[in-house]
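Written below as structure tokens is the structure these notes are about.
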Amino acid sequence: MRLSAIDLACHRGGRDVFEGLSFAVSSGEVLTITGRNGAGKSSLLRTIIGLARIAHGKLALEGGDAELTIAEQAHYLGHQDALKPALSVGENLRFWTGFLGARGEHIRPALDAVGLDELADLPAAYLSAGQRRRLSIARLLAVKRPLWLLDEPTSTLDAAAQQRLTGFMRAHLTEGGIILAATHGSLGLGATQELRLDDLRASAAAAMAEQEAP
Amino acid sequence: MSPLVAILVRDMRIAIRVGGGALMGVLFFLVVVTLVPFAVGPDLALLKRIGPAILWLAALLASLLALDRLFASDHEDGSLDLILMSRAPLELVVAVKGIAHWLTTGLPLIVAAPLIGLFLNLDPPAEAALVLTLLVGTPALTFIGLIGAAIAVALRRGGLLLAVIVLPLTVPVLIFGVAAANAAVAGPVPFGTPFTILCALTLASLVVGPFAAAAALRQEME
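So the protein lines, in turn, are chains U and W. Per our numbering, the very first residue in the first sequence carries number 380; after that it's consecutive. Per our numbering, the very first residue in the second sequence carries number -7; after that it's consecutive.
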């Protein structure tokens, strides 16, 4: 399986977020997306799953299920945790598992893996920020999907939880999954492909300056 | 469990939990209707005459009450992103959310209406007609409200904006709902005429509401 982007551009709110972006990630590989605040890391992830419109360029997933769109084969872990405070921890996860069309047998093991099994009956309103994040990570484990798009996955997680997340990502890669992560810190996965959105903008600006220069 | 069943179960569960919309809607309905006799005075003939209109107005306001959070809460906590990504057609998801909203706020009003009708000196035939018109008409209120709820998300404003958008659109439903209820008691128009139009309005809103609301939500995302 291989996710590739050719000359991708995204405009949001009347401004170019990024342009001329190309990358390719294959099964078992990680692409980390770095850049300063506002460089377009989140916009890139949202563009890939169709939550922001592609202004220009092409995006393709080869070797996936041809019947499904990229978004339907992807998990998106955004800034918000998509949890309902009125529902319990277990009910929240059960809802997403059901909504994403998976069977329920992985719910318990997933809660176990993120260390929330003892809190399954607690309303999500009482969870801390880190626990909420762990619960939304449990969604990635309960429903199998090949493509993981993670937006600052380690924010609010403590050191132990970060290590667990690294373990989940390793396991996902070994199973042939693909991970795209927008991050400031290290994911603990060793050397990974890196996409620097700052450089991209700098080189685009330089190219434009050259054109205008003569 | 299919995606749509999952949404239905989740929304109904949230609505009936403490602080959810279901109980608040009925209590609001009760309070508004109870206030009327205090304001109008103990004129039983007058109450009887305006009773159906009062109940309809109260039902309209009560069904608006929880509506502005319908998509806004999903938008704020990121659930809407995951819903938009999914395979389930947005129009159907929106319709199912409307059904869940009606089952938890509209249906309790209809159950409470005969009891509350006693406060307004309505006799049994009038109450039966009123319950029937509410049963047919309140889904229209919810599904017209869906459009307003989705636009409120797109404009990032909740609360009063929703009322300003939705209330004018509900005027036809109100007219024919009250007309049918009155016709059953007083005449001279037969009950069937306004009631059939009310049914038509509801059917039209069941179709138009989800499509318009889904379009507004998609627009918001871009």
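C-beta: ideal position from N, C-alpha, C; glycine also. Keep in mind that this is a model prediction, so the values were computed, not measured.
Tell me where the alpha helix (DSSP H) around residue i begins and ends.
i	result
Ala465 (chain U)	No alpha helix (DSSP H) contains Ala465 (chain U), which DSSP labels as neither H nor E.
Phe63 (chain W)	61 to 68
Lys40 (chain W)	36 to 57
Arg210 (chain W)	184 to 213
Gln510 (chain U)	508 to 521
Ala14 (chain W)	13 to 32
Gly109 (chain W)	99 to 109
Ala146 (chain W)	116 to 146
Return the CA-CA distance between residue i and residue j, expressed in angstroms with no decimal places.
i	j	result
Asp35 (chain W)	Asn113 (chain W)	10 Å
Ala508 (chain U)	Leu423 (chain U)	25 Å
Glu68 (chain W)	Met213 (chain W)	13 Å
Gly436 (chain U)	Asp577 (chain U)	19 Å
Arg2 (chain W)	Phe474 (chain U)	7 Å
Ala50 (chain W)	Leu126 (chain W)	11 Å
Leu57 (chain W)	Ala204 (chain W)	20 Å
Arg5 (chain W)	Thr96 (chain W)	9 Å
His390 (chain U)	Phe21 (chain W)	47 Å
Arg432 (chain U)	Asp500 (chain U)	39 Å
Glu470 (chain U)	Ala105 (chain W)	33 Å
Ala92 (chain W)	Ala570 (chain U)	49 Å
Glu441 (chain U)	Asn416 (chain U)	31 Å
Ser197 (chain W)	Phe135 (chain W)	6 Å
Leu38 (chain W)	Gly129 (chain W)	24 Å
Ala561 (chain U)	Asp444 (chain U)	25 Å
Glu573 (chain U)	Leu72 (chain W)	29 Å
Thr185 (chain W)	Ala176 (chain W)	11 Å
Gly414 (chain U)	Gly70 (chain W)	23 Å
Leu124 (chain W)	Leu27 (chain W)	24 Å
Glu83 (chain W)	Ala208 (chain W)	11 Å
Val86 (chain W)	Ala142 (chain W)	9 Å
Leu382 (chain U)	Pro525 (chain U)	11 Å
Gly494 (chain U)	Leu59 (chain W)	36 Å
Exposed or buried, what is residue i when buried is set at 16 or more other beta-carbons lying within 10 Å of its beta-carbon?
i	result
Leu110 (chain W)	exposed
Tyr505 (chain U)	exposed
Ser483 (chain U)	First, the residue type needs correcting, since residue 483 (chain U) is Gly and not Ser in the sequence shown. So Gly483 (chain U) counts as exposed.
Gly477 (chain U)	buried
Arg513 (chain U)	buried
His551 (chain U)	buried
Val165 (chain W)	buried
Pro344 (chain U)	Because chain U spans 380 through 593 in this model, residue 344 (chain U) falls outside it and cannot be assessed.
Arg210 (chain W)	exposed
Glu119 (chain W)	buried
His454 (chain U)	buried
Ile427 (chain U)	buried
Pro593 (chain U)	Confidence is the limiting factor: at Pro593 (chain U) the pLDDT is only 49, short of 50, which leaves the residue's position unreliable and the question unanswerable from this model.
Ser55 (chain W)	buried
Leu472 (chain U)	buried
Thr553 (chain U)	exposed
Gln542 (chain U)	exposed
Ala539 (chain U)	exposed
Gly43 (chain W)	buried
Leu401 (chain U)	What sits at residue 401 (chain U) in the sequence shown is Ser, not Leu. It is exposed - the Cβ of Ser401 (chain U) has fewer than 16 other Cβ atoms within 10 Å.
Phe30 (chain W)	exposed
Leu152 (chain W)	exposed
Ser565 (chain U)	exposed
Leu147 (chain W)	exposed
Val404 (chain U)	buried
State the CB to CB distance for the pair residue i and residue j, rounded to an integer number of angstroms; the pair is presumed to be in contact (CB under 8 Å).
i	j	result
Leu536 (chain U)	Ile412 (chain U)	Contact doesn't hold; Cβ gap of about 18 Å is too wide.
Gly201 (chain W)	Gly98 (chain W)	With a Cβ gap of about 13 Å, Gly201 (chain W) and Gly98 (chain W) do not count as contacting.
Gly429 (chain U)	Met77 (chain W)	7 Å
Glu531 (chain U)	Arg79 (chain W)	No, Glu531 (chain U) and Arg79 (chain W) are not in contact; Cβ-Cβ is about 27 Å, not under 8 Å.
Terminal residues of the continuous beta strand (DSSP E) containing residue i?
i	result
Gly436 (chain U)	435 to 441
His563 (chain U)	Neither: His563 (chain U) is in no beta strand (DSSP E) and is coded neither H nor E.
Thr533 (chain U)	Per DSSP, Thr533 (chain U) belongs to no beta strand (DSSP E) and is neither H nor E.
Thr413 (chain U)	409 to 413
Glu573 (chain U)	572 to 575
Run down chain B in chain order and give the residues with a C-beta less than 8 Å from the C-beta of residue i.
i	result
Gly556 (chain U)	Given the protein chain composition of this structure (U and W), no chain B is represented.
In the stretch 26 to 49 of chain W, which residues sit with their C-beta less than 9 Å from some C-beta in chain U, listed in chain order?
Shown here is that no member of the stretch 26 to 49 of chain W has a Cβ falling below 9 Å from a Cβ of chain U.
Closer than 7 Å, Cβ to Cβ, to anything on chain U: give me those residues from the stretch 74 to 87 of chain W, in chain order.
Near chain U, meaning a CB-to-CB distance below 7 Å, the residues of the stretch 74 to 87 of chain W are Leu74, Leu76, Met77, Ser78, Arg79.
Got a sec: which bits of the stretch 483 to 513 of chain U sit with their beta carbon under 9 Å from any beta carbon on chain W, in order along the chain?
Listed in sequence order: Gly483, Pro502.
Short-range partners of chain W found in the stretch 451 to 465 of chain U, where Cβ spacing is below 8 Å
Correct list: Glu451, Ala453, Tyr455, Gly457, His458, Gln459, Asp460, Ala461, Leu462, Lys463, Ala465.
Listed from N- to C-terminal order along the chain, which residues in the stretch 511 to 545 of chain U have their beta-carbon within a distance smaller than 8 Å of any beta-carbon of chain W?
When CB distances to chain W are screened at a threshold of 8 Å, not a single residue of the stretch 511 to 545 of chain U falls below it.
Beta carbons nearer than 8 Å to chain U: which residues of the stretch -6 to 6 of chain W have them?
Taking 8 Å as the Cβ-Cβ cut-off, the stretch -6 to 6 of chain W approaches chain U at Ser(-6), Pro(-5), Val(-3), Ala(-2), Ile(-1), Val1, Arg2, Arg5, Ile6, given in chain order.
Using a Cβ cut-off of 9 Å, which residues of the stretch 386 to 419 of chain U contact any Cβ in chain W, in chain order?
If the cut-off is 9 Å between Cβ atoms, the stretch 386 to 419 of chain U has Arg391 near chain W.
Of the residues that make up the stretch 47 to 71 of chain W, which ones have a beta carbon closer than 7 Å to any beta carbon in chain U?
Listed in sequence order: Asp69, Gly70, Ser71.
Any residues in the stretch 424 to 438 of chain U with a beta carbon nearer than 9 Å to a beta carbon of chain W? Which ones, in chain order?
So the close ones are Arg425, Ile428, Gly429, Leu430, Ala431, Arg432.
Using a beta-carbon distance cut-off of less than 9 Å, what residues from the stretch 8 to 21 of chain W approach chain U?
Correct list: Arg9, Val10, Gly11, Gly12.
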